[in-house]
Amino acid sequence: MPDRTHPAVRARFLGTTVDFHCAHPRDADHLRYYLDDHLVPEQTHADAELSVRLEADGDGCLTAALGTATPKRVWWRTPDGPWLLYEEWGVQARLPSPVPPFGLPPLRDRVRLRHGAALAAPDDEGRALAVTGASGTGKSVVVAHLLRLGWRFVSDDLLVLDRRTRGRLYYYGRPVGVRARSLPLLPWLDASLLAGAPCVPTRWGSTWMVRPQRLGRCAPSDRPYRLSWRLDLARGDRFTARADGPVMRVAWDPHRHLAPLLETCEQLTVGGSRRAG
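Taking my numbering, the leading residue of the sequence shown gets 1, the next gets one more, and so forth.
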(Lines of atoms letter the chains of each structure in order from A and count residues from 1; the text may use other names and numbers.)
(Lines give C-alpha, C1' and ligand atoms only; values in the text may rest on other atoms or scores of the structure.)
Protein backbone atom coordinates (compact mmCIF):
# COMPACT_ATOMS: atom_id res chain seq x y z
CA MET A 1 0.00 0.00 0.00
CA PRO A 2 2.65 2.68 0.82
CA ASP A 3 4.01 4.63 -2.14
CA ARG A 4 7.73 4.05 -1.82
CA THR A 5 8.52 7.05 -4.01
CA HIS A 6 8.15 9.01 -0.76
CA PRO A 7 10.58 7.86 1.96
CA ALA A 8 8.95 6.92 5.24
CA VAL A 9 9.23 9.27 8.20
CA ARG A 10 10.79 7.05 10.87
CA ALA A 11 10.46 7.80 14.58
CA ARG A 12 10.93 6.02 17.90
CA PHE A 13 8.57 6.20 20.85
CA LEU A 14 9.57 4.43 24.08
CA GLY A 15 11.84 2.07 22.15
CA THR A 16 9.26 1.27 19.44
CA THR A 17 10.21 2.11 15.85
CA VAL A 18 7.35 3.51 13.76
CA ASP A 19 7.30 4.26 10.02
CA PHE A 20 4.85 6.93 8.81
CA HIS A 21 4.02 6.63 5.11
CA CYS A 22 2.61 9.77 3.53
CA ALA A 23 0.87 10.07 0.18
CA HIS A 24 1.97 13.72 -0.13
CA PRO A 25 5.37 15.32 0.67
CA ARG A 26 3.69 18.15 2.59
CA ASP A 27 2.42 15.62 5.13
CA ALA A 28 5.93 14.18 5.48
CA ASP A 29 7.37 17.66 6.10
CA HIS A 30 4.67 18.31 8.70
CA LEU A 31 5.52 15.08 10.54
CA ARG A 32 9.24 15.81 10.50
CA TYR A 33 8.62 19.15 12.19
CA TYR A 34 6.05 17.80 14.62
CA LEU A 35 8.03 14.69 15.65
CA ASP A 36 11.51 16.18 15.45
CA ASP A 37 12.56 14.99 18.92
CA HIS A 38 11.69 11.39 18.02
CA LEU A 39 13.06 11.08 14.47
CA VAL A 40 15.65 8.45 13.57
CA PRO A 41 17.25 7.67 10.19
CA GLU A 42 15.22 5.20 8.12
CA GLN A 43 18.25 2.90 7.94
CA THR A 44 18.58 2.72 11.75
CA HIS A 45 16.51 -0.47 12.10
CA ALA A 46 15.77 -3.12 9.51
CA ASP A 47 12.03 -3.26 10.15
CA ALA A 48 9.64 -0.94 11.90
CA GLU A 49 7.50 -2.50 14.61
CA LEU A 50 4.53 -0.42 13.45
CA SER A 51 3.66 1.28 10.16
CA VAL A 52 1.08 4.05 9.73
CA ARG A 53 -0.27 5.32 6.41
CA LEU A 54 -1.84 8.80 6.04
CA GLU A 55 -3.86 9.76 2.96
CA ALA A 56 -6.72 11.89 1.66
CA ASP A 57 -8.81 12.04 -1.49
CA GLY A 58 -7.73 14.43 -4.20
CA ASP A 59 -3.99 15.06 -4.23
CA GLY A 60 -3.52 12.87 -1.16
CA CYS A 61 -2.48 15.64 1.25
CA LEU A 62 -4.13 14.98 4.60
CA THR A 63 -2.73 18.13 6.22
CA ALA A 64 -4.38 20.37 3.62
CA ALA A 65 -7.67 18.48 3.96
CA LEU A 66 -7.97 18.85 7.75
CA GLY A 67 -11.15 20.67 8.74
CA THR A 68 -12.77 20.05 5.35
CA ALA A 69 -15.24 17.39 4.19
CA THR A 70 -12.59 15.74 1.99
CA PRO A 71 -12.43 12.03 2.93
CA LYS A 72 -9.31 11.19 4.93
CA ARG A 73 -7.99 7.77 5.92
CA VAL A 74 -5.42 6.31 8.27
CA TRP A 75 -4.18 2.73 7.93
CA TRP A 76 -1.83 0.74 10.15
CA ARG A 77 -0.04 -2.58 10.26
CA THR A 78 2.52 -4.55 12.25
CA PRO A 79 5.29 -6.45 10.40
CA ASP A 80 3.41 -9.76 10.16
CA GLY A 81 -0.08 -8.39 9.59
CA PRO A 82 -2.12 -6.85 6.77
CA TRP A 83 -2.94 -3.17 6.42
CA LEU A 84 -5.96 -2.33 8.59
CA LEU A 85 -8.15 0.75 8.37
CA TYR A 86 -7.83 2.77 11.59
CA GLU A 87 -10.36 5.45 10.63
CA GLU A 88 -11.97 7.15 7.66
CA TRP A 89 -13.59 10.53 8.29
CA GLY A 90 -14.73 13.79 6.75
CA VAL A 91 -14.77 17.00 8.78
CA GLN A 92 -14.27 15.57 12.27
CA ALA A 93 -12.36 12.44 13.33
CA ARG A 94 -13.84 10.34 16.13
CA LEU A 95 -10.77 8.39 17.22
CA PRO A 96 -7.60 9.74 18.86
CA SER A 97 -5.00 10.92 16.38
CA PRO A 98 -2.50 8.22 15.33
CA VAL A 99 0.23 10.88 15.51
CA PRO A 100 1.68 10.03 17.97
CA PRO A 101 0.72 6.34 17.66
CA PHE A 102 0.18 5.65 21.37
CA GLY A 103 -3.29 4.27 20.61
CA LEU A 104 -1.95 1.55 18.31
CA PRO A 105 -0.14 -1.71 19.13
CA PRO A 106 2.32 -2.29 20.64
CA LEU A 107 2.37 1.12 22.37
CA ARG A 108 -1.27 1.06 23.47
CA ASP A 109 -0.51 -1.89 25.74
CA ARG A 110 2.19 0.10 27.52
CA VAL A 111 0.76 3.61 27.96
CA ARG A 112 -2.49 5.46 28.45
CA LEU A 113 -3.13 9.06 27.48
CA ARG A 114 -4.64 11.99 29.31
CA HIS A 115 -5.21 15.55 28.15
CA GLY A 116 -2.66 17.86 29.76
CA ALA A 117 0.93 19.08 29.85
CA ALA A 118 3.89 18.09 32.01
CA LEU A 119 7.13 19.68 33.20
CA ALA A 120 10.06 18.28 35.16
CA ALA A 121 11.13 20.13 38.30
CA PRO A 122 14.37 22.13 38.10
CA ASP A 123 16.04 19.96 40.77
CA ASP A 124 16.63 17.08 38.28
CA GLU A 125 15.22 14.54 40.75
CA GLY A 126 12.75 13.14 38.23
CA ARG A 127 9.68 14.79 39.75
CA ALA A 128 7.07 16.21 37.39
CA LEU A 129 4.13 18.59 37.51
CA ALA A 130 1.08 17.84 35.37
CA VAL A 131 -1.06 20.76 34.19
CA THR A 132 -4.60 19.64 33.37
CA GLY A 133 -7.89 21.28 32.45
CA ALA A 134 -10.18 21.75 29.49
CA SER A 135 -8.96 23.36 26.27
CA GLY A 136 -8.74 27.12 26.62
CA THR A 137 -7.96 27.19 30.35
CA GLY A 138 -4.39 28.44 29.87
CA LYS A 139 -2.28 25.29 30.18
CA SER A 140 0.23 26.33 27.51
CA VAL A 141 0.58 29.78 29.09
CA VAL A 142 1.53 28.12 32.37
CA VAL A 143 3.97 25.82 30.55
CA ALA A 144 5.70 28.75 28.84
CA HIS A 145 6.10 30.70 32.09
CA LEU A 146 7.37 27.73 34.09
CA LEU A 147 9.94 27.02 31.37
CA ARG A 148 11.18 30.59 31.89
CA LEU A 149 11.50 29.80 35.60
CA GLY A 150 13.78 26.80 35.06
CA TRP A 151 11.32 23.93 34.69
CA ARG A 152 11.95 21.49 31.85
CA PHE A 153 9.51 20.49 29.14
CA VAL A 154 8.14 16.93 29.24
CA SER A 155 4.98 17.15 27.09
CA ASP A 156 2.20 19.44 25.93
CA ASP A 157 -1.41 18.53 25.16
CA LEU A 158 -0.82 14.87 26.06
CA LEU A 159 0.24 13.17 29.28
CA VAL A 160 1.83 9.83 28.37
CA LEU A 161 1.25 7.65 31.45
CA ASP A 162 2.50 4.14 32.14
CA ARG A 163 -0.33 1.59 32.27
CA ARG A 164 1.35 -0.63 34.86
CA THR A 165 3.13 1.81 37.17
CA ARG A 166 0.86 4.44 38.66
CA GLY A 167 2.29 7.93 38.58
CA ARG A 168 4.98 7.24 35.97
CA LEU A 169 4.96 9.37 32.84
CA TYR A 170 7.12 9.78 29.75
CA TYR A 171 8.54 12.48 27.52
CA TYR A 172 6.73 13.36 24.30
CA GLY A 173 8.43 16.16 22.39
CA ARG A 174 5.64 17.71 20.39
CA PRO A 175 5.38 21.48 19.72
CA VAL A 176 3.67 23.77 22.20
CA GLY A 177 0.52 25.45 20.92
CA VAL A 178 0.74 29.22 21.43
CA ARG A 179 -2.51 31.01 20.67
CA ALA A 180 -2.57 34.53 19.24
CA ARG A 181 -4.78 35.70 22.10
CA SER A 182 -2.11 34.51 24.60
CA LEU A 183 0.75 36.53 23.08
CA PRO A 184 0.18 39.55 25.40
CA LEU A 185 0.87 37.18 28.32
CA LEU A 186 4.16 36.04 26.75
CA PRO A 187 5.94 39.32 25.90
CA TRP A 188 9.31 37.64 25.30
CA LEU A 189 7.85 35.61 22.41
CA ASP A 190 8.98 37.91 19.62
CA ALA A 191 8.91 37.30 15.89
CA SER A 192 12.23 35.44 15.93
CA LEU A 193 10.87 32.75 18.26
CA LEU A 194 7.71 32.33 16.18
CA ALA A 195 9.52 32.41 12.83
CA GLY A 196 9.08 29.18 10.90
CA ALA A 197 6.54 27.77 13.35
CA PRO A 198 3.38 26.58 11.57
CA CYS A 199 0.35 28.74 12.33
CA VAL A 200 -2.88 26.78 12.22
CA PRO A 201 -6.52 27.87 12.63
CA THR A 202 -8.27 26.45 15.71
CA ARG A 203 -11.54 27.07 17.52
CA TRP A 204 -9.57 29.42 19.77
CA GLY A 205 -8.09 31.42 16.88
CA SER A 206 -4.69 31.28 15.19
CA THR A 207 -2.22 29.03 17.01
CA TRP A 208 1.53 28.79 16.45
CA MET A 209 3.04 25.33 16.94
CA VAL A 210 6.37 26.24 18.57
CA ARG A 211 9.14 23.72 19.18
CA PRO A 212 9.66 23.50 22.97
CA GLN A 213 13.40 24.14 22.62
CA ARG A 214 12.55 27.72 21.60
CA LEU A 215 10.73 28.27 24.88
CA GLY A 216 13.20 26.73 27.32
CA ARG A 217 15.02 23.53 28.20
CA CYS A 218 13.65 20.06 27.55
CA ALA A 219 13.86 17.21 30.04
CA PRO A 220 15.91 14.15 29.00
CA SER A 221 13.75 12.02 26.73
CA ASP A 222 15.25 8.66 27.74
CA ARG A 223 13.99 8.43 31.32
CA PRO A 224 10.59 8.16 33.05
CA TYR A 225 9.29 10.83 35.40
CA ARG A 226 7.36 10.65 38.65
CA LEU A 227 4.07 12.51 38.65
CA SER A 228 4.42 14.39 41.94
CA TRP A 229 1.98 17.28 41.61
CA ARG A 230 -1.01 18.27 39.49
CA LEU A 231 -2.33 21.73 38.73
CA ASP A 232 -5.94 21.46 37.52
CA LEU A 233 -7.16 24.62 35.75
CA ALA A 234 -10.62 26.01 35.10
CA ARG A 235 -11.77 29.41 33.86
CA GLY A 236 -13.17 31.77 36.48
CA ASP A 237 -13.81 35.48 37.02
CA ARG A 238 -12.37 35.23 40.54
CA PHE A 239 -9.06 33.56 41.42
CA THR A 240 -9.48 30.58 43.72
CA ALA A 241 -7.03 27.81 44.63
CA ARG A 242 -8.04 24.70 46.56
CA ALA A 243 -5.49 22.09 47.63
CA ASP A 244 -6.41 18.41 47.55
CA GLY A 245 -3.19 16.66 48.62
CA PRO A 246 -0.72 16.99 45.73
CA VAL A 247 -3.46 18.37 43.45
CA MET A 248 -4.21 22.10 43.30
CA ARG A 249 -7.52 23.04 41.70
CA VAL A 250 -7.44 26.60 40.39
CA ALA A 251 -10.09 28.83 38.84
CA TRP A 252 -8.57 31.81 37.05
CA ASP A 253 -8.53 34.24 34.16
CA PRO A 254 -5.08 34.06 32.52
CA HIS A 255 -5.20 37.76 31.61
CA ARG A 256 -5.94 38.85 35.20
CA HIS A 257 -4.50 36.23 37.54
CA LEU A 258 -1.12 35.19 36.12
CA ALA A 259 0.94 36.37 39.13
CA PRO A 260 -1.11 34.53 41.79
CA LEU A 261 -1.22 31.45 39.59
CA LEU A 262 2.58 31.29 39.37
CA GLU A 263 2.83 31.89 43.12
CA THR A 264 0.43 28.99 43.65
CA CYS A 265 2.63 26.75 41.49
CA GLU A 266 5.62 27.60 43.68
CA GLN A 267 3.69 26.87 46.87
CA LEU A 268 2.41 23.57 45.49
CA THR A 269 5.82 22.24 44.55
CA VAL A 270 7.93 23.46 47.49
CA GLY A 271 8.92 20.88 50.07
CA GLY A 272 8.55 17.24 49.19
CA SER A 273 5.92 15.55 47.10
CA ARG A 274 3.31 12.88 47.04
CA ARG A 275 2.12 11.04 43.99
CA ALA A 276 -0.56 12.97 42.09
CA GLY A 277 -3.12 10.86 40.27
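Every residue gets a Cβ at the ideal spot worked out from N, C-alpha and C, and that includes glycine.
- Here DSSP, grouped into helix, strand and coil, assigns R238 to coil.
- G81 and P106 have their alpha carbons spaced roughly 13 Å apart.
- Per the DSSP secondary-structure output, S192 pairs with nothing in a beta bridge.
- Between P198 and M209 a beta carbon distance of about 5 Å is seen, short of the 8 Å cut, so the two are scored as contacting.
- Boundaries of the beta strand (DSSP E) harbouring S206: 205-210, taken from the DSSP string.
- Annotation: the continuous beta strand (DSSP E) that includes H115 extends over 111-115.
- The three-state secondary structure of T16, taken from DSSP, is strand.
- Counting only the Cα atoms, F20 lies some 19 Å from W89.
- For A11 and T240, the gap between their C-alpha atoms comes out near 42 Å.
- Nearest Cα to Q267 within the set R242, R110, R256: R242.
- With distances taken between CA atoms, A134 lies nearest to D157 out of D157, P71, L186.
- In this structure, A130 keeps its C-beta atom at 9 Å or more from the C-beta atom of A120.
- Approximately 7 Å separates the beta-carbon atoms of L261 and V142; this is inside 8 Å, confirming the contact.
- Around the beta-carbon of W188, fewer than 16 other beta-carbon atoms lie within 10 Å, marking it exposed.
- Straight through space, the alpha carbons of W229 and R249 are spaced by roughly 11 Å.
- Where S51 is concerned, the enclosing beta strand (DSSP E) starts and stops at 50-56.
- Secondary structure at S228: strand, using DSSP grouped into helix, strand and coil.
- Restricting attention to R214, W76, H24, the CA atom closest to the CA of E49 is found in W76.
- Spanning the alpha carbons of K139 and A234 requires a straight line of approximately 10 Å.
- If you look at D29, you'll find it in the alpha helix (DSSP H) that goes 25-34.
- DSSP places H255 outside both helix and strand once states are collapsed to three, so it counts as coil.
- Residue range 62-65 is occupied by the alpha helix (DSSP H) that includes T63.
- It is roughly 7 Å from the alpha-carbon of R217 to the alpha-carbon of W151.
- Under the 10 Å beta carbon count, P41 is surrounded by fewer than 16 other beta carbons and is classified as exposed.
- In this structure H115 does not touch T137 by the C-beta definition: roughly 11 Å separates them, more than the 8 Å allowed.
- Per DSSP, reduced to three states, the secondary structure at P41 is coil, with no helix or strand assignment.
- Boundaries of the alpha helix (DSSP H) around L147: 139-148.
- Per DSSP, Y170 is one residue of the beta strand (DSSP E) stretching across 168-170.
- In the structure shown, A197 falls within a coil segment according to DSSP collapsed to helix, strand and coil.
- Secondary structure within the region 75-135: the beta strand (DSSP E) runs of 3 or more consecutive residues, fully enclosed, are 84-89, 111-115, 117-120, 127-133 (chain order).
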